[in-house]
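Contents: one structure, followed by commentary.
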Amino acid sequence: MEKNTNNKRKQTLLDEIYSLRKEMMIYGTTKGLTNKKTIELSQKLDIMLNKYPLT
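What follows is the structure in structure tokens.
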């Protein structure tokens, strides 16, 4: 059961990463890569990616 819970957490985090990445790409292409919001989203995405387990 613990493995199933870990898989769900992993999938939830992955879904959040994809969503945030999409939002960041929209801001980056419409507002520019140096836009404050684009940078904030990029930094938030970095944090989430560092939390994602590789194994």
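Just so we're aligned: the sequence shown equals residues 1 to 55 in UniProt numbering.
Here a beta-carbon is modelled for each residue, glycine too, at the ideal position from N, C-alpha and C.
If you're wondering where the values come from, they're calculated on a predicted model, not measured in any experiment.
Burial state of residue i (16 or more Cβ within 10 Å)
{"i": "M25", "result": "exposed"}
{"i": "Y27", "result": "buried"}
{"i": "T38", "result": "buried"}
Terminal residues of the alpha helix (DSSP H) in which residue i lies
{"i": "L20", "result": "2-31"}
{"i": "N50", "result": "36-51"}
Nearest-angstrom beta carbon gap, residue j and residue i [assumed within contact, 8 Å]
{"i": "M48", "j": "E23", "result": "Actually they do not touch by this definition, with Cβ atoms about 12 Å apart."}
{"i": "L13", "j": "K51", "result": "6 Å"}
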